[in-house]
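Numbering (the working numbering), first residue to last: -13 to 301.
Each residue gets a CB set at the ideal place from its N, CA and C atoms; glycine is no exception.
All figures in this text were calculated on a predicted structure; none of them were measured in a lab.
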C-alpha cells in the first residue's frame, strides 16, 4: 500500500524560486539564438566574404597627372580614391582650358568626345594622336608646345580656329581637308610649303610669320583672306595675292620681294570699280630688296588709290 506521503511526493509540484525561473528563460533564449545563428550563419558568412572582396579599382584614364588634375577640377572631383573619374563623366566636358600647366601627355582626352574648345597652349605637348577622334572640336589652341606632326588633326572637320604658333611644324598635310577653317596661326614654325592650304576657301586670317615659305602660288584661290602675315620668309613673287580683294592687313616685311606690280594692278582695278578693299588696305613691305621702280612709282601708285603702305603705328 502506498503511503500518503509517497502519493504526496508524486502529486505535489516542486517549489520554483525566482532564480530558477530566470535561468530557465535565459537557457531558452540561448537555445533560440543558437538555432537562429545556425540557420542564418551560413549565408551571412558567404555574403560577408563577398562584401570583403574589394571592388575593382576604377581604371586610370589619364596618364599625365597634370592633365588629370585639370579634368578633376572641371568635374569638381576632389579625391581620386573616393571619387575617381569615370568615362561617363568625360562626356559632360565641352570646354578644356589648361594653358601653362606643364602637360606632356594627352592620353585620355580621346574619352572626351564632346569637346568643342581646347586651349592647351604653353605646355610641353608633342603627340596629338589622342585628339584624332574629337570630331566636335571647333577651336584648338596648341601654341607654344613642341609639336611637329599635325596629321592627327586631319579628321577634325568642324575645326574653325587653329592656333599652332611657336611649335616645330614643318608639313601641313594634316590640315588639307579641314574645309571649315577660317583662322590659322602658324607663325614661328618650320613650314616650307603652303600647298595643303590650297582648298581652305573659308580662310580669313592666315599667319605664317618666321617660317621658310617661298611659293605663295597655292594661296591664289583664297579670296576671303583679310589678314595675311608672311613676315620673314623667302617670298619673292607676290602675284598669287592678286585675287585677294578682301585684304585689310598684309605683312610682307623681311622677304625677298623686288616687284610690287601685281599689287598695284589689283589695287587700281579695285579703285576703278567697287573700291571694296584698296582704301582699307594696310600693306607692310619694309625690309625687302625692292627695285627702284617699286620704291618709287609702284608705292606712289598704291598710295594714290588709298592703300596705306608701311603705315606708322598709331600712338
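Sorted by chain position, which residues of the same chain lie with C-beta nearer than 8 Å to residue i's C-beta, five sequence neighbours on each side aside?
i: residue 220; result: 198, 199, 200, 241, 242
i: residue 168; result: 146, 147, 188, 189, 190, 191
i: residue 256; result: 231, 262, 263, 264, 291
i: residue 180; result: 158, 194, 199, 201, 202, 204, 205
i: residue 37; result: Confidence at residue 37 is low in this model, with a pLDDT of 43, below 50, so its placement is unreliable and the value that follows should be read with caution. Counting only Cβ-Cβ distances below 8 Å, and skipping sequence neighbours, we find nothing.
Thinking residue i and residue j are a contact (beta carbons under 8 Å), I'd like their distance in whole angstroms, please.
i: residue 207; j: residue 188; result: Actually they do not touch by this definition, with Cβ atoms about 12 Å apart.
i: residue 142; j: residue 173; result: About 21 Å separates the two Cβ atoms, so there is no contact after all.
i: residue 228; j: residue 205; result: At roughly 11 Å, the Cβ-Cβ gap does not stay under 8 Å, so residue 228 and residue 205 are not in contact.
i: residue 93; j: residue 116; result: 5 Å
i: residue 101; j: residue 120; result: 5 Å
i: residue 293; j: residue 269; result: 6 Å
How far does the beta strand (DSSP E) with residue i in it extend, from its first residue to its last?
i: residue 104; result: 103 to 105
i: residue 288; result: Unbroken run through residue 288 is the alpha helix (DSSP H), 285 to 290; no beta strand (DSSP E).
i: residue 148; result: 147 to 149
Considering only residues of the same chain and omitting the five flanking positions on each side of residue i, which have a CB-CB separation below 7 Å?
i: residue 203; result: 226
i: residue 144; result: 121, 122, 123, 124, 166
State the DSSP-derived secondary structure class of residue i, mapped to helix, strand or coil.
i: residue 19; result: Because residue 19 sits at a pLDDT of 42, beneath the cut-off of 50, its placement in the model cannot be relied upon, and the following sentence gives the value as read from the coordinates. Residue state, collapsed to three classes: helix.
i: residue 302; result: Shown here, the chain extends from -13 to 301; a query on residue 302 therefore has no answer.
i: residue 127; result: strand
i: residue 169; result: strand
i: residue 199; result: coil
i: residue 295; result: strand
i: residue 192; result: strand
i: residue 139; result: helix
i: residue 99; result: coil
i: residue 115; result: helix
i: residue 160; result: helix
i: residue 183; result: helix
i: residue 208; result: coil
By Cβ distance below 6 Å, which residues in the same chain neighbour residue i in space, the five residues on each side in sequence not counted?
i: residue 303; result: With the chain covering only -13 through 301, there is no way to say anything about residue 303.
i: residue 323; result: Here the chain has residues from -13 to 301 only, and residue 323 is not among them.
At which residues does the alpha helix (DSSP H) containing residue i begin and terminate?
i: residue 51; result: 51 to 61
Report task. Just list the alpha helix (DSSP H) runs in the region 65 to 94, keeping only unbroken ones of 4 residues or longer that don't cross its boundaries, in chain order. Result -> 73 to 76
Query raised in the report: Residue ranges of each beta strand (DSSP E) run of no fewer than 3 residues wholly in the region 212 to 283, ordered along the chain?
Result: 213 to 215, 235 to 237, 268 to 270
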